[in-house]
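Shown next, in structure tokens, is the structure this report addresses.
Numbering (my numbering), first residue to last: 263 to 1220.
Structure (structure tokens):
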């Protein structure tokens, strides 16, 4: 192996070496002992060769624990896990430097665009990056949707024709076509939205939807199989303890057995427990990492889908729903993904335990099996009820999040009209309905958990009772009693996990349905625009090779492909040569911005074709500014080119603004560019598009927000014939008619149609629509233009706000009395009748266990009710209501410097989980604490007492 090249050690070879060393240890010991008895044997060639081989094997095993680092030319800042040996990866030893460094100082994460990145944290492996996981998701999701589309189209067509609604055939499943980027299906049919009025058709669509939970298995199938093998090994090793305990008790009962046998059993019990712990933690590491990867892939898919939603789908999928999908529903998939293996592991553990019980107790274990089967229907019924409440609760959550989002975005209007109190009361009312459903779900789940936790005792009671009473030959010997109790205790874990799985599965099913409905929502049609790459002519569009834009008989609407809707653009025909400047003018509402949106492919095409040459840059009428530095806003992910960057700053008149910003171009820009003026935001938006160096630029009135002299500078240095974009194709929508003289062609729009087009001089001679529009414009805007030219205030004189804001940041309470029962059984005076003693003991065990069981059920239920009613609801009130109260009464400066997404995420995610998640966590912590105290108290009371009694008995014999 070339470990000098950074090749890590093989896990199979390492495990093989360990097995050879462990299995060869007895033979090595035998050779050494034989050599000690017969010194001549040590000098034999066979002994020497074996000792050398075994010693070399031990050295090789230890050398496999290390991996040589890569050469300097191959070093990367990736995870050390890549270059770690199999043993280091198994024990996570490679991660030790991170917590050690974190104990010495605060760990920092750098940003290469702002300052050098420190070496505190390593970069993600390629298989853990968002790009890799998103591509992997699409690779497994798209083929599924393609097959579902064909099946659904065939079935839906048959259903529509059977009902005699042939007119609805054109409505066949748009939403099922372009799911998650699927582009493989032919575009030879008209797609539109699924008709809402046809309930049967909608039901068929819901049935045919794909399942998100199936994709995770195929995406990470090798990790899934590896974790499955580890889980099988862990579950099997778990049942080695009862077997070894049985053998150890037999060794203690047989006084003639050699001591080394007992020591071997003890060592094996310790080794099996430690080995199971190592294997189980490796399993959890793989599964939890898989859950995080799946969460990342789903988050990226939801985000990408949000950028591809059609206009009609955007009206249906609100911001509140999308936020809940990313913060709540995807997190539920991340929580249940590590537990997927438990769906087969729990039945496997229960089967092993029951099989071992059959071996130990015989047919007496059948009543215990019956008891377990009786509990299953209750779990199913509870899960159905909880699922119904969960669906209703998620709808209320979407409604509340949508309301909060609308209020936050319109906070200025809310404060202007003093609507804080009614808005707060309306959101609290929705929250109250949500809490009622949460309370019902929590109570049902707690009852189900209580019964599942108490079921192992009932299994033990009925099994022991049947075993003892079925035959007089059946005696509860230490081997039978202790081994059976160990198996019954091991049944607690899978039974409790089944209840947890049912709860998580119900939530995951609801989230899965919501995600499916979102992923199959209608998307923008990518074939609206024929995006021909550079160097390829437009064949079939009736235009020349040098044309950059060609539009032919194009009609479109904002409401998708529905021809019944009002048409926004009608019969548009235009062509633009490469490097030309086309000005689009017209009155307000005549379709100028819609024309640019159509060229971007964001409108539903009714007829015609659009061809675009090369990469497109778009400058919207309302500038879009990110909450990043000014430089990051301009670069927009592109590499930093100092020469071009300075050239763009100068052309867009941004250099004077950098002098007044606190940190120049490294100044943080607040939410929506709040610490920039309108003119500054418009120039930053234009500079971002110019820096991208596109082939075609669509400019939606970028000069409207700047002063007259600044607009003149931008037109001359950027847009005009002598500007930076002089060799680019530009379509400029403008109301500044003084600039249209420099355009190569002018297009006048009216009511969504092209009224006239041509050069400026030709159109003015014709005295047509352009001439009339200019005359009307001059007569209505003389006074405005005079005032505008008199303005001398610079955009950079506005007050700057600080944009940095810090982000702010644990039922069972019964002591186990089974030890006391065992103690009483062991120390009971044997003078009474054997059967009477046995019945008395079993009765005591059953009575105390029954009392414990029902006390556990009643007390845990009561505690959960009190915890929910007083602690959970109180915590919810004390967090949600004051949060809204303080948010609505915060000054506008808070909203100017705090991203609204951060506020919305806090309102959507944290509040609903308080009463639902904190109760079980606190219950488990209390249970573990009481169990620890119980074990300590039991040892303190029983062990010393028995020791004193043995000494007293020996003293009497003396």
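We put the beta carbon where it would ideally sit given N, CA and C, even for glycine.
Asked, Found
"Tell me which residues share the same chain as residue 273 and place their Cβ nearer than 6 Å to its Cβ, disregarding the 5 neighbours each side in the sequence.", "348"
"Using 8 Å for Cβ pairs, my map puts residue 730 next to residue 738. What's the rounded Cβ distance?", "6 Å"
"Where do the ends of the beta strand (DSSP E) carrying residue 900 lie?", "Neither: residue 900 is in no beta strand (DSSP E) and is coded neither H nor E."
"Using the three-state DSSP reduction, which class does residue 603 fall into: helix, strand or coil?", "coil"
"For residue 286, which residues in the same chain have their Cβ closer than 8 Å to its Cβ, ignoring the five residues on either side in sequence?", "316, 319"
"Using the Cβ count rule (16 or more neighbours within 10 Å means buried), how would you classify residue 816?", "buried"
"In three-state terms, what does DSSP make of residue 556?", "helix"
"Looking at residue 579: is its Cβ nearer than 7 Å to the Cβ of residue 545?", "no"
"Would you list the residues sitting across from residue 867 in a DSSP beta bridge?", "818"
"Sort 958, 773, 682 by Cα distance to residue 812 and report the nearest one.", "958"
"Report buried or exposed for residue 508, applying the criterion of at least 16 other Cβ atoms within 10 angstroms of its Cβ.", "buried"
"Do you know offhand how far residue 1038's Cα is from residue 1019's?", "19 Å"
"Applying the 10 Å Cβ sphere with the 16-neighbour rule, what's the burial state of residue 760?", "buried"
"Kindly provide the ranges of any alpha helix (DSSP H) runs that are 4 or more residues long and lie completely inside the stretch 279-352, ordered along the chain.", "301-304, 307-325"
"Out of 1195, 641, 560, which has the shortest C-alpha to C-alpha gap to residue 590?", "560"
"Just mark residue 984 as buried or exposed, buried being the case when its beta carbon has 16 or more other beta carbons within 10 Å.", "exposed"
"State the beta-bridge partners of residue 960 as determined by DSSP.", "880, 993"
"Work out the CA separation of residue 577 and residue 982 for me, nearest whole Å.", "38 Å"
"If you draw a straight line from the alpha carbon of residue 581 to that of residue 675, how long is it in whole angstroms?", "19 Å"
"How about residue 1009 and residue 960: are their beta carbons less than 7 Å apart?", "no"
"In three-state terms, what does DSSP make of residue 596?", "helix"
"Going by alpha carbons, who is nearest to residue 841 out of 736, 368, 1005?", "1005"
"Measure the C-alpha to C-alpha separation of residue 657 and residue 1026 and round it to an integer number of angstroms.", "59 Å"
"At the level of alpha carbons, what is the spacing between residue 677 and residue 1154?", "9 Å"
"Taking just the CA atoms, how far does residue 956 sit from residue 942?", "22 Å"
"Residues in its own chain within less than 8 Å of residue 882 by CB, not counting five upstream and five downstream?", "947, 962"
"Is there contact here, the stretch 685-692 with the stretch 653-669, by at least three beta-carbon pairs under 8 Å?", "yes"
"Roughly how many angstroms lie between the CA atoms of residue 923 and residue 916, to the nearest whole one?", "11 Å"
"To the nearest angstrom, report how far apart residue 706 and residue 637 are at their CA atoms.", "14 Å"
"Hey, would you say residue 855 sits closer than 7 Å to residue 831, going by beta carbons?", "no"
"Does residue 603 pass the burial test, meaning 16 or more other C-beta atoms within 10 Å, or should it be called exposed?", "buried"
"Going by DSSP, name the residue or residues bridged to residue 768.", "DSSP output for residue 768 lists no bridge partner at all."
"Might you give, ordered along the chain, the residues of its own chain that have their beta carbon closer than 7 Å to the beta carbon of residue 539, omitting 5 neighbours on each side?", "none"
"So, is residue 939 buried or exposed, given that buried needs 16 or more other C-beta atoms within 10 angstroms?", "buried"
"Just to confirm, is the Cβ distance from residue 564 to residue 1166 under 7 Å?", "no"
"Does the beta-carbon of residue 281 have 16 or more other beta-carbons within 10 angstroms, so that it is buried, or is it exposed?", "exposed"
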